[in-house]
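Residue numbers (our numbering): 15 to 120. C-beta: ideal position from N, C-alpha, C; glycine also. Data first, discussion second: the structure below is written as structure tokens.
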Amino acid sequence: SYRLKFQHQLIAIEQEAAAREWQEKEEVMKLQLSLQGKELKTNQRLAALNRETLLDEVLRLTHERNEALRQASFFEGRVISLEAQAAADFERLSSAQKVRKQLALE
Numbered sequence: 015s016y017r018l019k020f021q022h023q024l025i026a027i028e029q030e031a032a033a034r035e036w037q038e039k040e041e042v043m044k045l046q047l048s049l050q051g052k053e054l055k056t057n058q059r060l061a062a063l064n065r066e067t068l069l070d071e072v073l074r075l076t077h078e079r080n081e082a083l084r085q086a087s088f089f090e091g092r093v094i095s096l097e098a099q100a101a102a103d104f105e106r107l108s109s110a111q112k113v114r115k116q117l118a119l120e
């Protein structure tokens, strides 16, 4: 009778231990899933930040390029203006030299 009672108690203890072990494993799995979910969210946030950073950089570089093109266009216009002015100066100088030669001949 004691032996049977002892065996029943032993079986109950073993079942309780098995149930606790199963609960602990289940808890660990839940925590792992939760951690994986958090890692995924963190990775998604990082990817979004990287996209934003890249977009900001693209916008900044585009702005710099547009500014450089604007300046190049301005300088190109200035060069054309200076070339036209130099050509006009050359024409005036040529005319003056012709007049001087004419006067020297007279």
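{"Query": "Coil, strand or helix - Glu120 by DSSP", "Result": "coil"}
{"Query": "DSSP three-state assignment for Ser48, whether helix, strand or coil", "Result": "helix"}
{"Query": "Beta-carbon contacts of Leu120 that lie in its chain and below 8 Å, excluding the five residues immediately before and after", "Result": "Per the sequence shown, the amino acid found at residue 120 is Glu instead of Leu. Contacts found: none."}
{"Query": "Whole alpha helix (DSSP H) elements within the segment 32 to 79, 4-residue minimum", "Result": "none"}
{"Query": "Inter-residue Cα distance where the pair is Ser108 and Val93", "Result": "22 Å"}
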